[in-house]
DNA sequence: GTCTATACCGTGATAGAC
DNA sequence: GTCTATCACGGTATAGAC
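Protein chains in written order, with our numbering: chain D, 47 to 261; chain G, 47 to 261.
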């Protein structure tokens with residue numbers, strides 16, 4: 047602990063600043079100087095705590111990934127318990143995947159919103175998407191894939207994985223909060239309204255998976 | 047025409063190089079020097095032809111956007127003609143949206159693959175997503191939205207636009223070709239196999255839209 | 001009109017002194 | 001933990017060659 051007077055340690059302040067800037071400009075669009083300035087610390091302190099810029103990026107990304115994985119797996123366990131001894135429905139599985147992330151009080155915190163922007167950037171980045179997403183999220187996502195396979199015994203693997211791909215693409219695009227949906231819909235829909243999007247996406251994605259269950 | 051001997055003009059060579067590099071590293075991850083080196087031209091030539099880096103990025107993006115819009119609108123027109131005087135089915139509309147982009151001989155060309163990577167980057171970028179996607183694609187996409195509204199008279203606007211959001215997220219994540227699906231599925235699915243993904247996505251997305259048509 | 005060589009000046013990540 | 005120096009690299013303007 048560097049400083050007992052401040053609410054957040056300087057180390058956390060650096061992570062917070064990095065999160066916000068990486069979300070908005072991507073890895074290469076952000077300088078350590080900008081991060082330091084936003085965090086109110088010296089340039090060299092980021093280097094001292096995290097080493098290379100690359101490391102700082104990964105640690106920023108990892109920090110909340112673990113929390114999200116926990117939330118999701120708890121939701122999956124809960125719906126498994128409720129359905130037992132039967133397998134949970136497709137809808138319950140999709141709900142356990144989306145609800146913890148797209149609804150709840152944490153959405154009011156700018157830190158979480160920033161982090162979501164970072165996830166959107168990482169997931170569709172050629173450089174990071176294949177590696178960092180896999181490392182941070184895929185172990186937990188494997189449990190969801192397993193649950194979906196149980197719920198949809200007739201569905202082929204290809205259909206399951208591409209179905210997951212659709213889910214992932216839709217969710218992370220929502221995380222990007224680009225405002226494009228606002229333009230396209232002439233203001234009828236707001237792309238930062240994740241809770242509104244959640245309600246629509248659960249139905250849409252559930253229907254997609256249910257369809258591939260009966261060939 | 048600058049040079050009758052070369053197959054592509056130097057101007058096009060710059061666009062090709064820019065396309066490949068922007069797709070892989072995003073806007074900020076690419077230097078004009080790297081683009082010039084890849085194109086085999088002097089650094090200043092990019093500046094001469096396109097002005098600011100910003101302009102080069104937008105022109106690179108726009109170049110193939112117009113072609114894609116044409117392909118899609120022709121496919122939509124064709125399915126409208128075939129269905130007439132009835133309205134085309136949801137499945138036909140989704141097919142007209144996806145098939146021209148996800149299947150066909152152009153997928154063999156590296157230039158198109160690179161461009162798709164760029165679309166993936168732009169669509170989920172906070173900086174570009176809201177503005178550039180809107181400008182380049184949304185006029186044509188408006189026709190698809192209209193067709194979907196006709197095919198799904200019971201669906202609310204919110205559901206239609208969030209449905210489109212799911213479609214867009216899934217498509218552009220496929221464009222990113224990050225290889226993540228390969229890892230997650232332990233090699234059962236290949237994320238660069240757009241034609242395979244097309245077959246799965248048509249079913250999945252169609253089912254999503256059909257679901258929101260009956261509340 | 002098309003293109004190259006080069007120079008400018010600000011800014012970058014990072015290391016080493018303190 | 002902090003300050004400062006280093007040294008390379010960034011976008012872009014300009015002057016002139018073909």
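The C-beta atom is built at its ideal place from N, Cα and C for all residues, glycine as well.
Environment of residue i [buried if 16+ CB atoms lie within 10 Å]
| i | result |
| --- | --- |
| residue 94 of chain D | exposed |
| residue 284 of chain G | In this structure chain G extends from 47 to 261, so residue 284 of chain G is not present and cannot be described. |
| residue 89 of chain G | exposed |
| residue 260 of chain G | exposed |
| residue 203 of chain G | exposed |
| residue 100 of chain D | exposed |
| residue 216 of chain G | buried |
| residue 180 of chain D | buried |
| residue 256 of chain G | buried |
| residue 220 of chain D | buried |
| residue 201 of chain G | buried |
C-alpha gap between residue i and residue j, whole angstroms
| i | j | result |
| --- | --- | --- |
| residue 78 of chain D | residue 63 of chain D | 10 Å |
| residue 143 of chain G | residue 68 of chain G | 25 Å |
| residue 170 of chain G | residue 173 of chain D | 15 Å |
| residue 199 of chain G | residue 112 of chain D | 43 Å |
| residue 135 of chain D | residue 60 of chain D | 42 Å |
| residue 118 of chain D | residue 193 of chain D | 13 Å |
| residue 107 of chain G | residue 183 of chain D | 31 Å |
| residue 163 of chain D | residue 224 of chain D | 9 Å |
| residue 222 of chain G | residue 72 of chain G | 12 Å |
| residue 237 of chain G | residue 227 of chain G | 6 Å |
| residue 122 of chain G | residue 177 of chain D | 37 Å |
| residue 167 of chain D | residue 128 of chain D | 35 Å |
| residue 157 of chain G | residue 54 of chain G | 13 Å |
| residue 87 of chain D | residue 80 of chain D | 10 Å |
| residue 109 of chain G | residue 187 of chain G | 17 Å |
| residue 165 of chain D | residue 254 of chain D | 23 Å |
| residue 231 of chain D | residue 124 of chain G | 25 Å |
| residue 185 of chain D | residue 206 of chain D | 16 Å |
| residue 75 of chain D | residue 75 of chain G | 7 Å |
| residue 58 of chain D | residue 66 of chain D | 12 Å |
| residue 98 of chain G | residue 82 of chain G | 14 Å |
| residue 191 of chain D | residue 91 of chain G | 50 Å |
| residue 115 of chain G | residue 247 of chain D | 26 Å |
| residue 213 of chain D | residue 212 of chain G | 8 Å |
| residue 140 of chain G | residue 132 of chain G | 17 Å |
| residue 189 of chain D | residue 148 of chain D | 19 Å |
| residue 242 of chain D | residue 249 of chain D | 12 Å |
| residue 252 of chain D | residue 195 of chain G | 21 Å |
| residue 258 of chain G | residue 130 of chain G | 24 Å |
| residue 85 of chain G | residue 56 of chain G | 8 Å |
Segment limits, alpha helix (DSSP H) that includes residue i
| i | result |
| --- | --- |
| residue 153 of chain G | Premise fails: residue 153 of chain G is in no alpha helix (DSSP H) and is neither H nor E. |
| residue 110 of chain D | 99–129 |
| residue 58 of chain G | 56–71 |
| residue 248 of chain D | 240–258 |
| residue 189 of chain D | 180–197 |
| residue 232 of chain D | First-last for residue 232 of chain D: undefined, no H or E at that position. |
| residue 218 of chain D | 203–222 |
| residue 136 of chain G | 136–148 |
| residue 85 of chain G | 78–85 |
| residue 92 of chain G | 89–96 |
heavy atom of the ligand FAD below 6 Å from residue i C-beta
| i | result |
| --- | --- |
| residue 194 of chain G | Of ligands this structure carries none, so the ligand FAD is not represented either. |
### Task
Check each residue of the region 222–239 of chain D: if its Cβ is closer than 9 Å to any Cβ of chain G, include it; give the result in chain order.
Listed by position, the residues of the region 222–239 of chain D near chain G (Cβ gap below 9 Å) are 222, 223, 224, 225, 226, 227, 228, 229, 230, 231, 234, 235 and 237.
### Task
Name, going along the chain, the residues of the region 49–78 of chain D whose beta-carbon falls closer than 9 Å to a beta-carbon of chain G.
69, 70, 71, 72, 73, 74, 75 and 76
### Contact list for the region 136–163 of chain G against chain D, Cβ threshold 9 Å
Those residues of the region 136–163 of chain G placed with their C-beta closer than 9 Å to a C-beta in chain D are 163, ordered along the chain.
### Task
Output, in sequence order along the chain, the residues in the region 240–257 of chain D whose CB is closer than 9 Å to any CB in chain G.
242, 243, 245, 246, 247, 249, 250, 251, 252, 253, 254, 255, 256 and 257
### Query
Can you list, in chain order, the residues of the region 208–219 of chain D whose Cβ is nearer than 9 Å to any Cβ on chain G?
208, 209, 210, 211, 212, 213, 214, 215, 216, 217, 218 and 219
### Query
Between the region 81–104 of chain D and chain G, which residues of the former have CB atoms less than 7 Å from a CB of the latter, in chain order?
none
### Query
Which of the residues in the region 187–211 of chain D, read from start to end, lie with their CB under 8 Å from any CB of chain G?
Closer than 8 Å at the C-beta level to chain G, one finds these residues of the region 187–211 of chain D: 187, 188, 191, 203, 204, 205, 207, 208, 209, 210 and 211.
### Task
Taking a Cβ distance cut-off of 8 Å, strictly less, list which residues of the region 108–131 of chain D are near chain G, in chain order.
Residues of the region 108–131 of chain D with a C-beta atom less than 8 Å from some C-beta of chain G do not occur.
### Message
So if I threshold CB-CB distances at 7 Å, which residues from the region 174–185 of chain D count as touching chain G?
### Response
Listed in chain order, the positions of the region 174–185 of chain D with a beta carbon within less than 7 Å of a beta carbon of chain G are 175, 176, 179, 180 and 184.
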